[in-house]
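Visitor: Below is one structure. I have some questions about it.
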Amino acid sequence: MNVFKGGEVLDLTSVINKFFYVVESSRNEEFVEYVVLSVRDDMSKLFDHLYDELVPKGYYPILYKVGDIITLRVLISGRRRGTSIKSSLIFFSLTLVSVVVTGFYISTDFHNRLKLLLGYGVKTDVIYDTLFFMLSVLVPLITHELGHIIIVKRFNIPSTYPLLIPAPIISPLGTFGAIVRMDFLPKNLKCLLKLGISGPLLGFIASLSIFIITYYTSPKLSFDIALVGLREGIIATIDFIPLSAYLVMTVSNINTAIGYVVLLNPAAYASMIMLLIHFVNLLPIGQLDGGHIVRAVSSTRFHSLVSVTVSSSLILYSLISVVYLRGSMVWLGIFALLALLISGFKPHIGSANMLDISSVSKDVKVKYIVMYLTLLTLVIPLPM
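Right under this line is the structure:
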């Protein structure tokens, strides 16, 4: 069966016959469908090879089963609709400006408050803090997306270029994050698993590394001055903090060792928020990275159950926080609700090979589950 696409003619049946026996076929404007039998026993590996051959040409295969009939559907409707590299660069430039403007505004306010506490003779450098604020936001953000891109390129998953989203002033970071949208499913669950963990792992390492540096470079205030600042509303305590950041602060022992408290500079505060964003992203809900990980090591039904249970629990917890924690965790319930509404109720298919039950071995599952739970624990917000 010949398929015309973009001036190119591809004999799909000949390509598929290299990997499967074709019993019968049908076609409409959007896809060609084949009833197939395996040439060899390992159908998953055969599908992987077919995926690698068809996807670079813009044809997207899905393998599934209806009763005892194994069906191969090849989408031919031209699903490539991603952002161009030009658009990606334009949005990167806009986001860069947005983060710098936000960082400058926050840094200026920070230094004005510092001068009120310590006097106008204190040495300040707004430009320096603005630069580090920008790095605290963009380095983890880009590193996170780079982790996804590495896996996308390695396993031939069709996707868009990264698209950063500017949000000057209205976001405390100057951005709403970034998006790398997949145009199609990964070939198997192992790819999905690596895709889900890669971004959060690299992003967490970058965020925590920057937090350590910026925490140690944040100004120290004596307890007396800090108490004055709190009474007059010049500074405020932190309502919640990621576990990893709390461990850094505890190990440093600055607060108790010399009778001083640390006033987080804008860059340290930004990197702490980035750690919290990674917590939200790792939640096992819908199409979040945490949702991808849970789906890769379980079934569609279990993933849906976990999505609804976790979302409902976090929404309830956020409501309870209004009474017992001054509402400090309301943001968590809002994010959970949004994630659930956007994708949590939709079944997560997982991969293009819907028959895949073997690409993720038991040992690999255990390794990635431990890695996932460790990451999730390290960024979990602790009420203060």
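Residue 63 is where the sequence shown starts when you use this note's numbering, and the numbers rise one by one after that.
Every residue gets a Cβ at the ideal spot worked out from N, C-alpha and C, and that includes glycine.
(1) Counting only runs of 4+ residues fully inside the segment 285–352, write out the alpha helix (DSSP H) ranges in chain order.
(2) State the DSSP-derived secondary structure class of G239, mapped to helix, strand or coil.
(3) Measuring CB atoms only, is the segment 377–384 touching the segment 322–341, in the sense that at least three cross pairs come out at less than 8 Å?
(4) Helix, strand or coil, according to DSSP, for F93 in the structure here?
(5) Is it the case that the segment 333–352 contacts the segment 435–443, given that we only count it when at least three CB pairs across the two stretches are under 8 Å?
(6) Taking a contact to mean a Cβ-Cβ separation below 9 Å, would you say P230 touches F154 in this structure?
(7) Within its chain, find whatever has a CB closer than 7 Å to the CB of G389; leave out the 5 residues flanking it on each side and keep chain order.
(8) Identify whether D73 lies in helix, strand or coil by the three-state DSSP scheme.
(9) Assign H111 to one of two classes, buried (16 or more other C-beta atoms within 10 Å of its C-beta) or exposed (fewer than that).
(10) Under 8 Å Cβ to Cβ from E70, same chain only, skipping five residues before and after it: list those, please.
(11) How is the alpha helix (DSSP H) around L264 delimited, first residue to last?
(12) In the structure shown, what three-state DSSP assignment does R522 receive?
(13) Is I219 closer than 9 Å to L247 when the C-beta atoms are compared?
(14) Any chance the segment 166–177 sits against the segment 209–219, with 3 or more Cβ pairs inside 8 Å?
(15) For S413, name the three-state secondary structure that DSSP assigns.
Guide: To lay it out plainly:
(1) 285–293, 305–314, 316–319 and 328–344
(2) In the structure shown, G239 sits in a strand (DSSP, three-state: E or B).
(3) Counting C-beta pairs closer than 8 Å gives fewer than three between the segment 377–384 and the segment 322–341, which falls short of the contact rule.
(4) It is a strand residue.
(5) yes
(6) no
(7) So the qualifying residues of the chain are S383.
(8) strand
(9) exposed
(10) Since pLDDT at E70 reaches only 48, below the 50 mark, its modelled position is unreliable, and the value read off the structure follows with that caveat. Hits under 8 Å: K119.
(11) L251 to Y278
(12) Look at the range of the chain in this structure, 63 to 446, and you will see that residue 522 is not part of it.
(13) yes
(14) no
(15) Under the three-state reduction of DSSP output, S413 falls in the coil class, being neither helix nor strand.
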